[in-house]
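Protein chains: 2
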Amino acid sequence: MPQNSVLLVDDDPKIAKLLRRYFEKEDFLVLSVHDGPTALQLYRDKKPDILVLDLMLPGVSGLDVCRQIRKESDTPILMLTARDEETDRLIGLELGADDYVSKPFSPREVVARVKAILRRTRKTPEKADFFRTGKFIIDFAGYTVSADGIVLDLTPTEYKIFELLATHPGQVFTRFQMVEQVQGVAFEGYERTIDAHVKNLRRKIDDNPKDPRIILTVYGVGYKFAGDAHA
Amino acid sequence: MPQNSVLLVDDDPKIAKLLRRYFEKEDFLVLSVHDGPTALQLYRDKKPDILVLDLMLPGVSGLDVCRQIRKESDTPILMLTARDEETDRLIGLELGADDYVSKPFSPREVVARVKAILRRTRKTPEKADFFRTGKFIIDFAGYTVSADGIVLDLTPTEYKIFELLATHPGQVFTRFQMVEQVQGVAFEGYERTIDAHVKNLRRKIDDNPKDPRIILTVYGVGYKFAGDAHA
DNA sequence: TTACTTCTTCACAATTTCTTCATCATTTCT
DNA sequence: AGAAATGATGAAGAAATTGTGAAGAAGTAA
């Protein structure tokens, strides 16, 4: 998990420096710019995790920056508003800012809000990354395979073999190919080890291991995953 | 609405008395001391809602008091600075003060600022930012985890590990990833230190540590928080 | 400083998984 | 059908991984 990064956009160098120190204390990677155009440029280049944006900027206003960034992405934005003006706040939120803090603010509060926003927006735990085929679901992030919703108790090697075959249904893999995938490039063992794993795997995924319907043997070649066409 | 309490720290009895009267008019419970050490002592004893702190104090300076209190808690602090010196202001904010007022000030302004800070910090999302999963509640702001409403006594590292895993239920983390999260990017130690922390953590959160149900081991990969990643 | 908590590391035990082998079953080919 | 090749299987020892307690190091607070 990488370090959090924040892009500060404030034309007051003192405030920028102050905030920078606070964020760095919290282990953020801090980028800091003093005007809107540079902000956009740096944003596009670095894609920080969040922006802290002063509403009052010379030239292009903070609202413009906010609007533009919102067009390009969902990167969270915290607005700094000069006064506790309801108007500014509403406009900011309307443009897609995620929160705002009024000046004079405490740096602690700004950091706290940023962390809260990041937590909120990150709640989606790594886009659910699943693979489905027939009754099986592979959960890559969780290293599990489930059949009809029940998680199977696979060993690491069994999981890897299943993943390899299931994600390439119908494609035959030789034992050598499988060993390479599963144990890494340099293999020096008995190719038939795969047979043992397939045997154990079949026990766990096939209703009747004597008549395998999921992982099929291709005589003289290797194994393949049955396409989900029939039974 | 319970009564607000404020701790005044100023070595000038006249100013202290003046402020006291204003705060009492606004229905504050006022504590007043004239030096740093006494301030810390009374603070720890009474836990006021907010501190009004003179920068200029005999002996231990206001900055020291501010720094120390910030170590101990998030209690808001309003600094009184002798002049409108940008430096003092920035130093104060840097140390974690929430706002400042320059002398000569109007007592009404001080009270107004205090009320503003209290308003702000009361509605701060930080205070209402929790994560729930099963019987556990993570209080991000307080760095605590409770189970069935009882706060667990976790070490900082244990808390971080728990937060990482619990907020990503079902997702496996390798020891390396966990170490990176917990100790920062530059890691040069023993990966299996994580095992020790997990062991200690399990003692505290699992009813039967011999049969872990909360933090699960994924053999050959790492650890994950039990959670319904599938359906 | 001392006392205290927390972190890291280590050794070894406990557990799980992998590999290998002998044997039997099945398929293919003549 | 018979022979030869290939695959399936159970079991056992080897190997890898994790669990655990304890000791010392490192960090904190008073």
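Order-wise, the sequence lines are chains A and B.
According to the working numbering, the stretch in the first sequence is residues 1 to 231, in order.
According to the working numbering, the stretch in the second sequence is residues 232 to 462, in order.
Glycine included, C-beta positions come from ideal geometry on N, C-alpha and C.
Keep in mind that this is a model prediction, so the values were computed, not measured.
- Runs of alpha helix (DSSP H) with 4 or more residues, each lying fully within the region 134 to 197 of chain A, are found at 156 to 166 and 175 to 183, listed in chain order.
- Against chain A, the CB of Tyr374 (chain B) has no partner CB under 8 Å away; the residue lies outside that interface.
- Sixteen is the threshold: since fewer than 16 other Cβ atoms of the shown chains lie within 10 Å of the Cβ of Phe131 (chain A), the residue is exposed.
- Residues of chain A with a Cβ closer than 7 Å to the Cβ of Gly451 (chain B) are, in chain order, Pro156.
- Shown here is that no member of the region 47 to 62 of chain A has a Cβ falling below 9 Å from a Cβ of chain B.
- Residues of chain A with a Cβ closer than 8 Å to the Cβ of Asp442 (chain B) do not exist, since the nearest Cβ in that chain sits about 15 Å away.
- Neighbours of Ala328 (chain B) in chain A, taken as residues at a C-beta separation under 8 Å, are given in chain order as Ser106.
- With a threshold of 8 Å between beta carbons, Asp360 (chain B) makes contact with chain A.
- Ala116 (chain A) has a beta carbon lying within less than 8 Å of a beta carbon in chain B.
- At a Cβ-Cβ threshold of 8 Å, Phe393 (chain B) and Val413 (chain B) do not count as neighbours.
- Gly453 (chain B) and Phe404 (chain B) have their C-alpha atoms spaced approximately 5 Å apart.
- For Gly365 (chain B), no Cβ of chain A is located within less than 8 Å of the residue's own Cβ.
- Using a 10 angstroms sphere on the CB of Val179 (chain A), the tally of other CB atoms reaches 16 or more, which defines it as buried.
- Not a single CB atom of chain B sits nearer than 8 Å to the CB of Arg203 (chain A).
- The bridge partners DSSP lists for Ser236 (chain B) are B:Leu260.
- CA-to-CA, the gap between Gly420 (chain B) and Gly142 (chain A) works out to about 26 Å.
- A direct Cα-to-Cα measurement between Lys135 (chain A) and Asp74 (chain A) gives close to 35 Å.
- Under the three-state reduction of DSSP, Phe105 (chain A) is assigned to coil, being neither helix nor strand.
- When the beta-carbon positions are compared, Glu422 (chain B) and Arg406 (chain B) come within less than 8 Å of each other.
- For a cut-off of 8 Å, the C-beta gap from Ser5 (chain A) to Leu42 (chain A) is around 11 Å, too long to register as a contact.
- Taking the beta carbon of Arg119 (chain A) as reference, the chain B residues within 9 Å of it are Asp360, Phe362, Phe371 and Thr398, listed in sequence order.
- Each residue's CA atom was taken as its position, placing Leu18 (chain A) and Glu26 (chain A) some 13 Å apart.
- Taking the beta carbon of Lys455 (chain B) as reference, the chain A residues within 7 Å of it are Gly142, listed in sequence order.
- The alpha-carbon of Leu7 (chain A) is positioned some 51 Å away from that of Lys204 (chain A).
- Listed in chain order, the non-local C-beta contacts of Lys115 (chain A) below 8 Å within the same chain comprise Glu26, local neighbours out to five positions each way being set aside.
- In the structure shown, the three-state DSSP call for Ile214 (chain A) is coil.
- Distances from the CA of Met310 (chain B) to each of B:Ile300, B:Arg301 and B:Gly293 were compared; the closest alpha carbon is that of B:Gly293.
- Under the Cβ distance rule, Gly267 (chain B) does not count among the residues neighbouring chain A, no pair being separated by less than 8 Å.
- The closest CA to that of Leu284 (chain B), considering only B:Asp276, B:Glu255 and B:Arg344, is found on B:Arg344.
- Taking C-alpha positions only, Ala427 (chain B) is separated from Glu389 (chain B) by approximately 10 Å.
- When the five nearest sequence neighbours on each side are left out, the beta carbons in the same chain lying within less than 7 Å of the beta carbon of Gln402 (chain B) are those of Lys455, in order along the chain.
- Shown here, Lys245 (chain B) sits in a helix according to DSSP, grouped into three states.
- DSSP places Gly222 (chain A) within a strand segment (E or B) once states are collapsed to three.
- From the beta-carbon of Gly380 (chain B), no residue of chain A is found nearer than 9 Å; the closest lies around 22 Å away.
- Collapsing the DSSP output to three states places Asp129 (chain A) in coil.
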